[in-house]
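Student: Let me give you the structure first, and then I'll get to my questions.
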Ligand code: AP5
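Numbering (our numbering), first residue to last: 10 to 217.
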């Protein structure tokens, strides 16, 4: 299965992607995780991306598209993938379609995880993230239950950056709902329920 996950920051895309990865062995391709790794490695791309990310703005399309192209070409992605946080603009969606066509791969669905903004602000202010595998949980989780690393608070999980990320989602990413609807690929789940209930609904919606 080849899947795009859509949804506002904090909707639970990463949480659901990790569950699909663990159960079905799909490659979890998170552009946020790839960019944070580039920032940590202080690569040329990471240095360029950091100021956008800290402010909660989208990183320019050309930087992100190159990163995803490289990742999609890796072996594990050939068995199926979940794109988490990509595409985020219409230009990225069009580029992805072109790239997948060239690779002879079809998308099975674009799954929208829907959560109201007030719930999102609450979730992100208390979120802790694993620096090693990207697992996320609430602030009570100090050690990653997946890999044992010490959880940390992301630099962009502060009120100003969260507000900017929500605006970027509204203005630049939400149009993709229409884009994928028009391609007959959009599916939707209510993300404002307990994690396992949302996951059951994700599997049901995807026919897994
Ligand atoms: P990215 O890392 O993609 O961040 P995001 O989209 O803002 O998404 P999040 O990781 O914040 O949320 P999520 O939906 O994965 O939620 P999670 O599962 O963690 O991007 C970061 C930055 O990188 C961007 O701002 C941008 O600068 C740049 N970037 C990335 N991709 C880009 C692109 N394509 N183009 C340009 N720039 C790009 O859950 C959130 C919290 O809620 C967690 O604590 C979790 O435990 C909890 N939770 C999850 N589900 C539930 C539930 N059902 N009930 C209760 N709590 C829940």
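For each residue, glycine too, the CB sits at the ideal point set by N, CA and C.
How about residue 161 and residue 184: are their beta carbons less than 7 Å apart?
Tutor: Here residue 161 is taken as the residue at index 152 of the chain shown, counted from 1. Here residue 184 is taken as the residue at index 175 of the chain shown, counted from 1. Result no, Cβ atoms of residue 161 and residue 184 do not sit closer than 7 Å.
Student: Could you compute how far the alpha carbon of residue 132 sits from the alpha carbon of residue 19?
Tutor: The residue given as residue 132 occupies position 123 in the chain shown. The residue given as residue 19 occupies position 10 in the chain shown. One C-alpha to the other measures close to 7 Å.
Student: Under the criterion of a Cβ to heavy atom distance below 6 Å, does residue 90 qualify as lining ligand 1?
Tutor: Residue mapping note: residue 90 aligns to position 81 of the chain shown, counting from 1. The answer is no for residue 90.
Student: Using the beta-carbon count (16 or more within 10 Å), is residue 62 buried or exposed?
Tutor: Residue numbering aside, residue 62 sits at position 53 when the chain shown is read from its first letter. So residue 62 counts as buried.
Student: From residue 112 to residue 82, what does the alpha carbon distance come to, in whole angstroms?
Tutor: Reading the chain shown from its first residue, position 103 is the one you call residue 112. Reading the chain shown from its first residue, position 73 is the one you call residue 82. C-alpha separation (whole angstroms): 9 Å.
Student: For a test of the three-state rule: what should DSSP assign to residue 42, helix, strand or coil?
Tutor: On the chain shown, position 33 is the one that residue 42 refers to. Reduced to three states, the DSSP call for residue 42 is helix.
Student: In this structure, how does DSSP classify residue 35 when only helix, strand and coil are distinguished?
Tutor: Position 26 of the chain shown, counting from 1, holds the residue named residue 35. Coil at residue 35, not helix or strand.
Student: Assuming residue 43 and residue 76 form a contact by the criterion Cβ under 8 Å, report the distance between their Cβ atoms to the nearest whole angstrom.
Tutor: For the purposes of this step, residue 43 is taken as residue 34 along the chain shown, with counting starting at 1. For the purposes of this step, residue 76 is taken as residue 67 along the chain shown, with counting starting at 1. Their Cβ separation, rounded to whole angstroms, is 5 Å, which keeps residue 43 and residue 76 in contact under 8 Å.
Student: Which two residues bound the contiguous alpha helix (DSSP H) that contains residue 215?
Tutor: The count along the chain shown starts at 1 and reaches residue 215 at position 206. Start and end: 204-215.
Student: Using the beta-carbon count (16 or more within 10 Å), is residue 217 buried or exposed?
Tutor: Walking along the chain shown from the start, residue 217 turns up at place 208. Exposed: under 16 other Cβ atoms inside 10 Å.
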